[in-house]
Every structure is written in structure tokens, then in C-alpha cells.
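Colleague:
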């Protein structure tokens, strides 16, 4: 019974539309006689960066570009052009002094167009066009659109994304945060073994280091022997290197993606215990009160008794 | 049954009712229903998964006689065919739009995606655009952030609000300043000033800039400046500088750590060499501080030897800090310009995550087709196979039945 209800819900969306246009049988019967065209949709355009570019030859069946009116105002309503191919925009825009903006670099550059208050994206696109990539949708699934699950993936998420994303995440680290909160990273990373996710700073950088000069390599010692030289040392495990500070400064989001609560950082960076290494930026004295007031001291209390 | 699911099911029924009533009233309802069968292998254990999903989007006009009120919605129901369980749902947006309130204000109420130069969010809330104020316009927005987990919509205790002021009526100039503030319960997590600027000059040059200034950290969270030169509309040259300073929610312990500035220089070119040939290329120089840097080279060709056939080849090569990546993506798409479209492609990447690992190769082979039964009804099938470090065979795909109304 429950399955029947579910199936009924799934087909409801399709059924309401067929109810409008007549029965499914009639529609199928009409298929042979109707004018051929791509499916007219709320979103008719494929992902621009992948499939469209200004200047390519016009498709056989597209609307003729409306004639350009001299002195056309800058913020013209583009709704009547919505079903045109992007490449046809150039025929109107020629000489208008407005640059084409659906070029091959659209994926990287569209953010600036989308934040403009008077943007005209909505003349051609619904919000579903944005949210299919930004929040994981799927209604605008073009042939080239990949779907690792029920959420389609933007074209930037290439081949074996699970393996490649650490590399791509370095190309402007802010890009990830435009769609994903840090919890998205830590939730997924928590499902895998830490050893499988190790990065340079976490590997055994110590093994070739000599204990004294000259002296034996560190790899000749066991973990039990650390304390004999590093009295009260905080790093008894052979999984650390000085690279961590440099890597953390370059890409702190990567640290957060596994150590979401930052407790591991407190081993050395707490003001209460351990090495008490100051982690704050240079302008900290100037901004610390602002952090304290806005967060009600939530981040301060992690390391400080008095703040 | 969760609240979003109840809302979405109610929405489906509402649309059904309105759709049936459409012929009798002036109501104008458009949208898309996409019913999809999706199969894939689980990322964690490799087990085969299958889902049935119904995506529905709609827009509704003509609700009132003055046609000032409209509604838009988009949601999804999906059911795990392998493991059973509850029907999952995701309501992406559902809002009412009222234009011209007192001839001055456009109001949007409900779940919606909001985007200012200072910040963006998916919120349950309100956005108001105040117009006819002369040379300036104002946008106000605020609401509770909507957070999706993999399975469902999470209970959110984050709230966002913002205001933007922008220049109106100055030809070939866009300028806006905005302010965005986010809360976690009553604590301020983000406090950002934003700016966006575009200036067209001489019918062939565009200067642009964008910045986000973090008022808590007192640093530019992001800053970008660039110029586009388009001597002809079939050629565009881009030069851009971008820098970012990662900042975190003030409530996160990571917000108190010193970090390096990330910097990026970009040179790009787009050129339609022939009526059937588009070329693009570029180089990006990335700097991470402490001597870390990387360079990315990109080249692309898109050819349309006939109206029916499109072929694309895109290659990029990244070398430097963070790992090396060398890959191409190629596809061909054929349309009979009537009912049938077929496409296929190969994506190929060679990558090395750091000096201590060797090269790995990841390949994706895909093929897809779409058949249009009518102008408003089509079906598609896409199948792909992934061969990579984790899978010698990873076949997954999607079958869709789409109806536009």
C-alpha cells in the first residue's frame, strides 16, 4: 500500500501536465505530426560553459533575433529573447558595447553577474538553474550532466571527484564554500579511514632526520624512546612534521574538513596547556574584542580562562 | 512525515488542482515535471544503489487581476528502491512574488535563494526591492537559512540578513554596495561588506571589481579586479587579479588562526575563429604564500561542422602546490533537429596528489540520448562507466521522463 502511494506521488507531477494537454495517448499520437523542437522547458538552455559560445553557427530552428532599437536602455527586459540560443545574442549586442557573458569562462565568472542587484538572469533562468548545482537538484538534467546520486554535479566536479577534489579545492579555496558548509566536508571525511586521507604534513617526515649531527636517523628509534630525548614532548607519534604550520596557513579549510572541532589544534595552541603556541594573526590585538563580542566568547573559551 | 515533505506533497496536490482549473480561469501555470530512475554505486562501500525521483518546478502567473502576484516552486521527492525506508524530500524554493506594491516595492516571500555582493544564502524569509527612489535602488532581505543534509532538510539555527544599495539609470555602469550579516542563534557569525562594480568604456572594454570585506577580521575576505577587452564580439581577452583571505564563522575555533592570503592572476582569451569554430585558452597563476604556487593552463575547441553536429575538446594542465592534474574532456553531440539527440564523451584525468604518490588515471566514458515525443514531452537515457583508482568498473546512469507544462 505504501509503495503504491509512493509511486502514485512520483507520477502525479507528470500526470497533471498530461491532464492539461490531453491524454498521454493523444500526445503520443500527435508526436508524428508536431513540429520538431527541443523540449520547451522552464529552463531551455544547457549549461552555457559546456555547450554554448558566442559566434557559433545558428541552429536551424531558433527564433529570429528581434531588431535592435537604437538607444536601447541598458537594463532591457530579456524575457522575449529567452528561447534564443546564446550565440545569437551577439547579433543584437554587436556594437552595443556590452561584452558577451556566456563565454567559455562562464563557470568561473558567473558569480559576478549573479550578485548584481539588477541582474537579468531570471529573464531566461529560474532559480532551479542555480540550485541544481548549488544545492544539488536535478530537474535540468542535460545529456552531459552527471549525477553521482540524486543530486547532479556541476561540470567542475570532474572524473573521479572523490580522489581529485583535494587538488581542485586548492584552485581558489573559496569556491567550495559557495555551495558547501564545512559540515559537508567533515561529515563525509568522518566516513573514511584517516590514513586514507593523509596529506603531506601528516606523513612521516621525521624518518630521515638525524638525531644530532652526526647521529642516527629518527627511523631507528621506537615510539617508546621519544621521551628519552623529547622530555614531556607532545608529539610521541611518528605522524607529524613541521610542514603542518605552513599547510595550515595556506589552506586552513582543509584542516577543518577533518578536525571540525579543532580539538587536535589545542594540543599545542591552547593558552592553558601544552606548548601554548600563539596561533593568532598579526592584527589580533586590534580585532580580538570584535570576535569576542560577536561570538559571545564561544571561540575564546576553548583556549582561555580569561578573555 | 516531516514538514518539508508535507509542504511538498501539498504543493503537488495544489498544482494538480490548479492545473485542472487552468482552462477555466486566467491562471497561467508553467513548469516541468521530471521523473527519474537513477542508479549508481555507493561512494563508501561500492554497493549498487537505485533511486526513483520526481522533480517538479512550476511558475504561476495571473493569480490576481493586475497580474502583480506570481508564485514559483521547485522540489523533489525521492525513494530508495534498494533499501526502502521513507520517501525523502527537498524543497528548494517556494515563494510568492508581488511586484509593484505601492508602485515602489517588489516583495518576495518564502523559501528562496538570495544573493548579494556581500553574501548569499538559501533562506526561508523575505526579500524586498525598493524602486523608484531616483538614482538609487535598495534591496532588503532576511530569514532563516535552509540547510540540506544528504538525506533531508536539517533544522537550522542560522539566520541571515542583508541590505544592498545600487545605482540606477547610469548607462554602462553598475555599482552596488551591500551588507550581509549571519547569525548562529544570537551570535554574529559573519559580518561582511560587499561591493560590485562594472564599467563599460569605448564599446569594447569592461572594467569590473568585486570585494567582500570582513568587518570582524578587518581584512578583505575576497577582492577581485579585472578588465575584458572585446575589440570584436567574436573575440574577448580577459585579465583578472583575485585574492582571498579565508575567514570562518566567528563561533568556529578556526576563525582565530593566522592564515595566508591566496592570490590568483588570470589571463584568458575567447575567439570565434570561424563560423563553426570557437577557441578558448588561458593561464591562471596561483600563489598560496610560504613559497607555494601553482599554474593552470587551459585550452578549448568547440566545433560545429554542421547544424546537427557539435564536437568539443577541452584540455587543462595544473602543475604545482596541491597536486598535479592533467586532463581532457571531449564530447560529440548529434541532433537530427527533429526528435532525436545523441551524445557521447570521454573525460580523462592523470593526477598526482603530492610528491609521495605516483600518477593515477581516472577515466569516464558516457553516452546519452534524448527523444522528444512532442514539444513538451521527452525521455532521456544516460549511461556512464568510470574506471579509476577505486573502480575497475563503475557503471551508473539515469533515465528521465520530462513533461513541460
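Chains as they are written, first to last, in the working numbering: chain A, 4 to 310; chain B, 1253 to 1657. We put the beta carbon where it would ideally sit given N, CA and C, even for glycine. Quantities reported herein were computed from a predicted structural model and do not represent experimental measurements.
Could you check the C-alpha separation between residue 1279 of chain B and residue 182 of chain A for me, to the nearest Å?
Modeller: Within the second chain, residue 1279 of chain B is the residue found at index 27, counting from 1. Within the first chain, residue 182 of chain A is the residue found at index 179, counting from 1. The straight-line gap from Cα to Cα measures roughly 35 Å.
Colleague: Whose C-alpha, out of B:1509, B:1641, B:1555 and B:1306, is nearest the C-alpha of residue 1527 of chain B?
Modeller: In the second chain, counting from the first residue as 1, residue 1527 of chain B sits at position 275. With distances taken between Cα atoms, residue 1527 of chain B lies closest to B:1555.
Colleague: Cβ closer than 9 Å: which chain A residues qualify as neighbours of residue 1364 of chain B?
Modeller: Numbered from 1 along the second chain, position 112 holds the residue referred to as residue 1364 of chain B. Near residue 1364 of chain B (Cβ distances below 9 Å), the residues of chain A are 130.
Colleague: Going along the chain, which residues of the segment 99 to 122 of chain A sit with their C-beta nearer than 7 Å to a C-beta in chain B?
Modeller: If the cut-off is 7 Å between Cβ atoms, the segment 99 to 122 of chain A has 100, 101, 102, 103, 106, 107, 108, 115, 117, 118, 119, 120 and 121 near chain B.
Colleague: With respect to the alpha helix (DSSP H) encompassing residue 169 of chain A, which residues constitute its N-terminal and C-terminal limits?
Modeller: As a first step, residue 169 of chain A must be located in the first chain, where it is residue number 166. Residue 169 of chain A -> alpha helix (DSSP H) spans 164 to 171.
Colleague: Tell me whether the beta-carbon of residue 1630 of chain B lies closer than 8 Å to the beta-carbon of residue 1621 of chain B.
Modeller: To locate residue 1630 of chain B, count along the second chain from 1; it is residue 378. To locate residue 1621 of chain B, count along the second chain from 1; it is residue 369. In this structure, residue 1621 of chain B does not lie closer than 8 Å to residue 1630 of chain B by Cβ.
Colleague: Please compile the residues from chain B whose C-beta is within a distance smaller than 7 Å of the C-beta of residue 286 of chain A.
Modeller: As a position in the first chain, residue 286 of chain A is number 283, starting the count at 1. The contacting residues are 1470.
Colleague: Does the distance from the CB of residue 1513 of chain B to the CB of residue 1480 of chain B come in under 8 Å?
Modeller: Start at 1 with the first residue of the second chain, and residue 1513 of chain B comes out as number 261. Start at 1 with the first residue of the second chain, and residue 1480 of chain B comes out as number 228. Result no, Cβ atoms of residue 1513 of chain B and residue 1480 of chain B do not sit closer than 8 Å.
Colleague: Just the C-alpha distance for residue 1641 of chain B and residue 1613 of chain B, rounded to the nearest angstrom, thanks.
Modeller: Counting from one through the second chain, the residue named residue 1641 of chain B turns up at place 389. Counting from one through the second chain, the residue named residue 1613 of chain B turns up at place 361. In a straight line, the C-alpha of residue 1641 of chain B is about 7 Å away from that of residue 1613 of chain B.
Colleague: Closest to residue 1367 of chain B by CA distance: which of B:1355, B:1356 and B:1381 is it?
Modeller: As a working note, residue 1367 of chain B is residue 115 in the second chain. Closest option to residue 1367 of chain B, Cα to Cα, is B:1381.
Colleague: When the cut-off is 8 Å and only beta carbons count, does residue 1400 of chain B lie next to chain A?
Modeller: Counting from one through the second chain, the residue named residue 1400 of chain B turns up at place 148. Taking Cβ atoms only, chain A reaches closer than 8 Å to residue 1400 of chain B, which makes this a yes.
Colleague: Of all Cβ atoms in chain B, is any one closer than 8 Å to the Cβ of residue 170 of chain A?
Modeller: Counting from 1 along the first chain, the entry for residue 170 of chain A is found at position 167. Judged by the 8 Å Cβ criterion, residue 170 of chain A is in contact with chain B.
Colleague: Within this structure, are the beta carbons of residue 1651 of chain B and residue 1288 of chain B separated by less than 8 Å?
Modeller: In the second chain, residue 1651 of chain B corresponds to position 399, counting from 1. In the second chain, residue 1288 of chain B corresponds to position 36, counting from 1. Yes, these two residues count as a Cβ contact at 8 Å.
Colleague: In angstroms, rounded to a whole number, what distance separates the CA positions of residue 1392 of chain B and residue 108 of chain A?
Modeller: For the purposes of this step, residue 1392 of chain B is identified with residue 140 of the second chain, where counting begins at 1. For the purposes of this step, residue 108 of chain A is identified with residue 105 of the first chain, where counting begins at 1. Their backbone Cα atoms lie some 31 Å apart in a straight line.
Colleague: Would the segment 1322 to 1331 of chain B and the segment 117 to 133 of chain A be scored as touching if the rule is three or more Cβ pairs under 8 Å?
Modeller: They touch, by the three-pair rule.
Colleague: Residue 1306 of chain B to residue 1290 of chain B, Cα distance in whole Å?
Modeller: In the second chain, residue 1306 of chain B corresponds to position 54, counting from 1. In the second chain, residue 1290 of chain B corresponds to position 38, counting from 1. So the alpha carbons of these two residues sit roughly 11 Å apart.
Colleague: For the candidate residues B:1398, B:1587 and B:1565, whose alpha-carbon lies nearest to that of residue 1581 of chain B?
Modeller: Along the second chain, one-based indexing puts residue 1581 of chain B at 329. Nearest C-alpha to residue 1581 of chain B: B:1565.
Colleague: Mapping DSSP to helix, strand and coil, what is residue 1508 of chain B?
Modeller: On the second chain, residue 1508 of chain B is found 256 positions in, with the first residue counted as 1. Looking at residue 1508 of chain B - three-state DSSP - the assignment turns out to be helix.
Colleague: Which residues in the same chain have their Cβ closer than 8 Å to the Cβ of residue 1524 of chain B, if we skip the five residues on either side of it in sequence?
Modeller: Here residue 1524 of chain B refers to the residue found at position 272 when the second chain is read from its first residue. Closer than 8 Å at Cβ, skipping near neighbours: 1486, 1487, 1530 and 1531.
Colleague: Determine whether the Cβ of residue 292 of chain A lies closer than 8 Å to any Cβ atom of chain B.
Modeller: Looking up residue 292 of chain A in the first chain gives position 289. No, residue 292 of chain A lies away from the interface with chain B (no Cβ there is under 8 Å from its Cβ).
Colleague: Report buried or exposed for residue 1365 of chain B, applying the criterion of at least 16 other Cβ atoms within 10 angstroms of its Cβ.
Modeller: Locating residue 1365 of chain B in the second chain gives position 113, where the first residue counts as 1. Answer is buried; the Cβ neighbour count reaches 16.
Colleague: Grab me the residues of residue 290 of chain A's own chain with a C-beta within less than 6 Å of its C-beta, minus the 5 sequence neighbours each way, in chain order.
Modeller: Walking along the first chain from the start, residue 290 of chain A turns up at place 287. For residue 290 of chain A, where only same-chain residues beyond five positions count, there are no Cβ hits under 6 Å.
Colleague: Once DSSP output is grouped into helix, strand and coil, what is the label at residue 1242 of chain B?
Modeller: Not covered by the structure: residue 1242 of chain B. The range shown for chain B is 1253 to 1657.
Colleague: Between A:151, A:119, A:116 and A:294, which has its C-alpha nearest residue 1618 of chain B's C-alpha?
Modeller: Residue mapping note: residue 1618 of chain B aligns to position 366 of the second chain, counting from 1. Of A:151, A:119, A:116 and A:294, the residue nearest in Cα terms is A:151.
Colleague: Looking at the strands, I want to know which residues DSSP matches up with residue 87 of chain A.
Modeller: Along the first chain, one-based indexing puts residue 87 of chain A at 84. For residue 87 of chain A, which the question treats as bridged, DSSP gives no partner whatsoever.
Colleague: Could you spell out the range, first to last residue, of the alpha helix (DSSP H) harbouring residue 1491 of chain B?
Modeller: Here residue 1491 of chain B refers to the residue found at position 239 when the second chain is read from its first residue. Element bounds for residue 1491 of chain B: not the alpha helix (DSSP H) but the beta strand (DSSP E), 1487 to 1496.
Colleague: Name the chain B residues whose beta carbon is nearer than 8 Å to that of residue 249 of chain A?
Modeller: Within the first chain, the letter at position 246 stands for residue 249 of chain A. Per Cβ cutoff of 8 Å: 1542 and 1544.
Colleague: Helix, strand or coil for residue 1560 of chain B, going by three-state DSSP, please let me know.
Modeller: What you label residue 1560 of chain B is simply residue 308 of the second chain in a count that begins at 1. Residue 1560 of chain B: coil per DSSP, three-state reduction.
Colleague: Residue 1378 of chain B: which of B:1400, B:1559, B:1354 and B:1347 sits nearest, CA to CA?
Modeller: Locating residue 1378 of chain B in the second chain gives position 126, counting from the first residue. Cα-wise, what sits closest to residue 1378 of chain B is B:1347.
Colleague: Quick one: which unbroken beta strand (DSSP E) runs of 3-plus residues sit fully inside the segment 1609 to 1644 of chain B? Chain order, please.
Modeller: Listed in chain order, they are 1612 to 1626 and 1629 to 1639.
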